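Enquirer: First to last, the sequence lines map onto chains A and B. Take the first sequence: its letter number 98 is residue 97 in numbering that gives the first Met the number 0, and every next letter is one higher. Take the second sequence: its letter number 43 is residue 42 in numbering that gives the first Met the number 0, and every next letter is one higher. For glycine and all other residues, C-beta sits at the position ideal for the given N, C-alpha and C. Bear in mind the structure is a predicted one, so any value in this text is a computation, not a measurement. Just dropping this structure here.
Number of protein chains: 2
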Amino acid sequence: METLAIGDLAARSGVAPSALRYYEREGLIRSTRTGGNQRRYHRSELRRVAFIKIAQQVGVSLDEIREALAELPEERTPTKADWARLSAHWRGKLEERILLMQRLRDQLTGCIGCGCLSLQRCNLINPADRLAARGTGPQMIVNPPE
Amino acid sequence: METLAIGDLAARSGVAPSALRYYEREGLIRSTRTGGNQRRYHRSELRRVAFIKIAQQVGVSLDEIREALAELPEERTPTKADWARLSAHWRGKLEERILLMQRLRDQLTGCIGCGCLSLQRCNLINPADRLAARGTGPQMIVNPPE
DNA sequence: CTGCAACTTGAAGTGAACTTCAACTCAAGG
DNA sequence: CCTTGAGTTGAAGTTCACTTCAAGTTGCAG
């Protein structure tokens with residue numbers, strides 16, 4: 000078995016065939032066809048699907064994933080080095096997201112004492128909502144100062 | 000200004016009025032009405048909306064958020080202690096998610112050397128896909144062994 | 001060579017989380 | 001009082017990421 004039928008790729012990757020067809024329509028993965036028009040996947044597509052799944056775990060949209068994958072070479076099967084570059088890039092994104100979550104957690108922790116949820120710094124510290132003029136939303140958390 | 004009109008709550012929370020109406024239909028927040036049928040929000044709803052936004056950041060669905068909020072007392076305005084309990088609970092969820100991300104990051108880091116993305120452990124270490132029978136998907140990452 | 005599981009397509013459906021629209025009413029400053 | 005920006009409703013529309021369906025075709029084990 001040199002190439003994979005859609006069912007094989009589905010079984011190996013844990014992604015439903017319908018989703019794989021969808022990914023293909025969306026330009027995230029590619030296949031060749033048999034004489035009878037059935038999809039056959041190169042083994043390297045397994046890696047692409049793995050990447051897609053991982054990126055989704057991180058909360059990245061398919062659009063962004065497509066953009067990332069576009070950085071892989073079209074003409075040849077991506078090498079380890081190609082994947083390494085991409086992975087390194089995503090490691091950065093992951094790191095960022097982890098930091099956001101940690102900030103969220105620390106805010107929550109810091110505010111458990113007062114129960115304020117730190118909307119606009121803290122409603123207890125700032126009871127009159129004096130900061131209301133300063134833009135909307137829990138700025139402190141999403142875009143912390145400095 | 001003792002209570003907030005929908006526009007005020009929207010401005011303060013950074014959530015569109017249409018979304019606030021939606022949240023109300025979905026039972027996530029509550030309002031009283033003026034004689035002329037306009038919504039007026041108690042200031043404590045600001046906290047609920049903040050909580051909703053934070054939970055969404057963590058990737059929680061509105062359904063789950065509603066369930067969490069259901070643990071707040073209906074009959075009285077939630078106290079600091081009420082929020083503290085809820086926040087502590089969510090801190091756990093956040094912590095969990097952070098751990099998942101960190102595991103993801105470490106996997107990615109560990110695999111940058113081989114470019115494998117660790118689908119079924121590692122395709123380099125395991126080139127013949129011998130583990131294919133062992134369930135689908137990047138199990139190692141989502142449900143790591145031990 | 002046959003039978004049947006697995007594949008093909010386009011179109012339509014799903015659910016989550018909202019937004020937009022149209023037609024109308026309210027609240028409050030001048 | 002009057003104007004006007006803000007609010008009201010239900011229904012329909014939107015985007016994302018798929019799934020389901022129906023009707024037909026293919027590939028391979030026996």
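In angstroms with no decimal places, state the Cα-to-Cα distance between residue 25/A and residue 101/B.
Expert: Taking the first sequence and counting its residues from 1, the one referred to as residue 25/A is at position 26. Taking the second sequence and counting its residues from 1, the one referred to as residue 101/B is at position 102. In a straight line, the C-alpha of residue 25/A is about 29 Å away from that of residue 101/B.
Enquirer: I need the straight-line Cα distance from residue 4/A to residue 90/B, nearest angstrom please.
Expert: Reading the first sequence from its first residue, position 5 is the one you call residue 4/A. Reading the second sequence from its first residue, position 91 is the one you call residue 90/B. Whole-angstrom Cα-Cα distance: 44 Å.
Enquirer: Between residue 86/A and chain B, is there a C-beta pair that is closer than 8 Å?
Expert: If you number the first sequence from 1, residue 86/A lands on position 87. Cβ-Cβ to chain B under 8 Å: yes for residue 86/A.
Enquirer: Under a three-way DSSP split, which group does residue 3/B fall into?
Expert: Residue numbering aside, residue 3/B sits at position 4 when the second sequence is read from its first letter. Here residue 3/B sits in strand by DSSP.
Enquirer: Under a Cβ-count criterion, where at least 16 other Cβ atoms within 10 Å of its own Cβ denotes burial, should residue 95/A be classed as buried or exposed?
Expert: Looking up residue 95/A in the first sequence gives position 96. By the 10 Å Cβ count, residue 95/A comes out exposed.
Enquirer: Between which two residues does the beta strand (DSSP E) holding residue 38/A run?
Expert: In the first sequence, residue 38/A corresponds to position 39, counting from 1. Run containing residue 38/A: 38-40, per the beta strand (DSSP E) assignment.
Enquirer: For residue 65/B, I'd like the list of residues in its chain whose CB is within less than 8 Å of its CB, leaving aside the five on either flank, ordered along the chain.
Expert: If you number the second sequence from 1, residue 65/B lands on position 66. If we look at residue 65/B and ignore the five residues flanking it on each side, its Cβ neighbours are 25, 26 and 27.
Enquirer: Identify whether residue 104/A lies in helix, strand or coil by the three-state DSSP scheme.
Expert: Taking the first sequence and counting its residues from 1, the one referred to as residue 104/A is at position 105. Residue 104/A falls in the helix class under three-state DSSP.
Enquirer: Between which two residues does the alpha helix (DSSP H) carrying residue 28/A extend?
Expert: Mapped onto the first sequence, residue 28/A falls at position 29. Where residue 28/A is concerned, there is no enclosing alpha helix (DSSP H), given that its DSSP letter is neither H nor E.
Enquirer: Please classify residue 169/B as buried or exposed, where buried requires at least 16 other C-beta atoms within 10 Å of its C-beta.
Expert: Limits of chain B in this structure are 0 at one end and 145 at the other, which puts residue 169/B out of reach.
Enquirer: Given a limit of 9 Å on CB to CB distance, which residues of the region 92-105 of chain A reach chain B?
Expert: Flagged, chain order: 93, 94, 96, 97, 99, 100, 101, 103 and 104.
Enquirer: Which residues mark the beginning and the end of the alpha helix (DSSP H) in which residue 43/A is found?
Expert: Mapped onto the first sequence, residue 43/A falls at position 44. Segment 43-56, the alpha helix (DSSP H) holding residue 43/A.
Enquirer: Counting contacts by CB-CB distance shorter than 8 Å, is residue 107/B in contact with chain A?
Expert: One-based indexing of the second sequence puts residue 107/B at position 108. True, the Cβ-Cβ gap to chain A drops below 8 Å.
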